[in-house]
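Peer 1: Protein chains in written order, with the working numbering: chain A, 1 to 149; chain B, 1001 to 1289. Beta carbons are placed, not taken as given, at the ideal position from N, Cα and C, and that holds for glycine. Before anything else, here's the structure in question.
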């Protein structure tokens, strides 16, 4: 597992996705990667597109009060660009959220794939269900790579 | 934040200028050629009789965007003449529509003390939605239910607690109240969330469904009737009434979307499937979130 400082260092050094780098992710295109934080119960999903864009959505569960325009929202979303990096220690999915951007509660909670950084990423096939500690805080997650969007 | 209208927030000061109640048969289409009722709410500083005197629209009048704009200007000018300011918001609703006898009701909501917003803003009324987020929420509890990202190219992303969907939309002609009908078509009717984490939409049904929700779209307007007995419908309508939420949006659902500003927080009563209290709460929040 990569140390957190390395995540940030890599986040600053990656470049936009190159066409030749997309092939490893072909099972993710047109499909949905869903995860659940087993501790918080928060659920997320991410779409990775062949053009290097991503969309991530978060369901943080019922909030303590009804939202006004400043939140808190149970549902949040974010878009941006991503790169896939193959490192000796494993693959990294590096996310570049679009700007300008509002700070999301998912980001404050450091939910998976909510921040501008690189995450360890193990490739799977459609239909796979697996458990992993994929975020920098090593929290337990369950993942589903499901067909369709 | 501007609370534009809402039950329990604004005191309902409706004035029915005439008793056009509508006598349509079950399934009658909405007819916006003539306004049947005009309501005025929010007036305190100026008596409604004075407001009525400056308005040209009356119950039974032909209804058009131009006529509504003219009356908004008349009301704002009346306030200005008395040294006051007011923003006038218009809302076209169709009570009785789900029961098959819609009435065309135009409500003027007066926000006294507010600077009037342009009643005929230039440009695309949907422009403000393209870089921001439209949130739909429950009218009573306030819980947010969906987030909509409209794109300039005619596509959108809508996500809720259980699913995220791409789609495309079409727009109809501007309504007399300044709202634009936006018909949303999901790219897929399928739900992809694993059952283990899918949100429960309601109590499990103990018996096979005998009733459904029948939604039909005509002239950029979707009308839905809940609790329709399937056995009473012809086979092709039975299939429509048995559609899942995903299938309904795949085939298209039209919602009126009005001119708003970031930070607005309002209630919409003319949605095809309103939630709590017969309406939806809507917020326009900055950015994509």
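(1) Please report whether the beta-carbon of residue 143 of chain A lies at a distance below 8 Å from any beta-carbon of chain B.
(2) For the alpha helix (DSSP H) that residue 1246 of chain B lies in, which residues bound it at each end?
(3) In terms of alpha-carbon separation, which member of B:1062, B:1028 and B:1046 lies closest to residue 1038 of chain B?
(4) CB-CB under 6 Å to residue 129 of chain A, same chain, minus the five flanking residues each way: which ones, in chain order?
(5) For residue 1004 of chain B, decide whether its Cβ has a neighbour in chain A, counting only Cβ atoms nearer than 8 Å.
(6) Please state whether the Cβ-Cβ distance between residue 1088 of chain B and residue 1118 of chain B is less than 8 Å.
(7) Report all residues from its chain with a CB closer than 7 Å to the CB of residue 67 of chain A; omit the five preceding and five following residues, and keep chain order.
(8) Under 8 Å between C-beta atoms, does residue 107 of chain A make it to chain B?
(9) Quick one, which residues of the region 1150 to 1169 of chain B are near chain A if we go by CB-CB under 8 Å, in chain order?
(10) Give the interface partners of residue 57 of chain A over in chain B, defined as CB-CB distance under 7 Å, in chain order.
(11) Going by the beta-carbon positions, is the gap between residue 151 of chain A and residue 97 of chain A smaller than 8 Å?
(12) Pull up the CB-CB distance for residue 75 of chain A and residue 1265 of chain B, whole angstroms please, since I reckon it's below 8 Å.
(13) Anyone know if the C-beta pair for residue 1052 of chain B and residue 1108 of chain B falls short of 8 Å?
(14) Using a C-beta to C-beta distance shorter than 7 Å, which residues of chain A count as neighbours of residue 991 of chain B?
(15) Which parts of the region 55 to 130 of chain A are runs of the beta strand (DSSP E), unbroken and 3 residues or longer, counting only runs that do not cross its ends?
(16) May I ask you to check if the CB of residue 1259 of chain B is nearer than 7 Å to at least one heavy atom of the ligand GDP?
(17) Give every residue of the same chain whose Cβ lies closer than 7 Å to the Cβ of residue 25 of chain A, excluding the five residues on either side of it in the sequence, and list them in chain order.
(18) From the DSSP secondary-structure annotation, give me the bridge partner or partners of residue 29 of chain A.
(19) Where do the N-terminal and C-terminal ends of the alpha helix (DSSP H) with residue 1073 of chain B fall, by residue?
(20) Beta-carbon of residue 1194 of chain B versus every beta-carbon of chain A: anything under 8 Å?
(21) Exposed or buried, what is residue 229 of chain A when buried is set at 16 or more other beta-carbons lying within 10 Å of its beta-carbon?
(22) Residue range of the alpha helix (DSSP H) that residue 1236 of chain B falls in?
(23) For chain A, check one thing: does any of its Cβ atoms lie closer than 8 Å to the Cβ of residue 1137 of chain B?
(24) What is the rounded straight-line gap between the Cα of residue 1209 of chain B and the Cα of residue 125 of chain A?
(25) For residue 1278 of chain B, which three-state DSSP category applies?
(26) Measuring only the C-alpha atoms, how far is residue 1023 of chain B from residue 35 of chain A?
(27) Where do the N-terminal and C-terminal ends of the alpha helix (DSSP H) with residue 1050 of chain B fall, by residue?
(28) Quickly, what does DSSP pair residue 145 of chain A with across the bridge? List them, please.
Peer 2: Considering the structure as presented:
(1) no
(2) 1245 to 1251
(3) B:1062
(4) 144
(5) Only weak support is given to the placement of residue 1004 of chain B: the predicted model assigns it a pLDDT of 35, under 50, and the value that follows is read from those uncertain coordinates. It does not; no Cβ of chain A falls within 8 Å.
(6) no
(7) 73
(8) no
(9) 1157, 1159, 1160, 1161, 1162, 1164, 1165 and 1166
(10) 1159 and 1164
(11) Outside the displayed range of chain A (1 to 149) lies residue 151 of chain A, so it cannot be described from this structure.
(12) Their Cβ separation, rounded to whole angstroms, is 16 Å, which puts residue 75 of chain A and residue 1265 of chain B out of contact at 8 Å.
(13) no
(14) Past the edges of chain B, shown from 1001 to 1289, lies residue 991 of chain B, and the structure says nothing about it.
(15) 75 to 87, 90 to 97 and 118 to 120
(16) What this structure holds is no ligand at all, so the ligand GDP is not there to describe.
(17) 48 and 84
(18) Beta-bridge pairing links residue 29 of chain A to no other residue.
(19) 1065 to 1081
(20) yes
(21) Since the first residue of chain A shown is 1 and the last is 149, residue 229 of chain A is not available in this structure.
(22) 1235 to 1241
(23) yes
(24) 36 Å
(25) helix
(26) Low confidence applies here, because residue 1023 of chain B scores a pLDDT of 29, under 50, leaving its location unreliable and the question unanswered by this model.
(27) 1048 to 1054
(28) A:33
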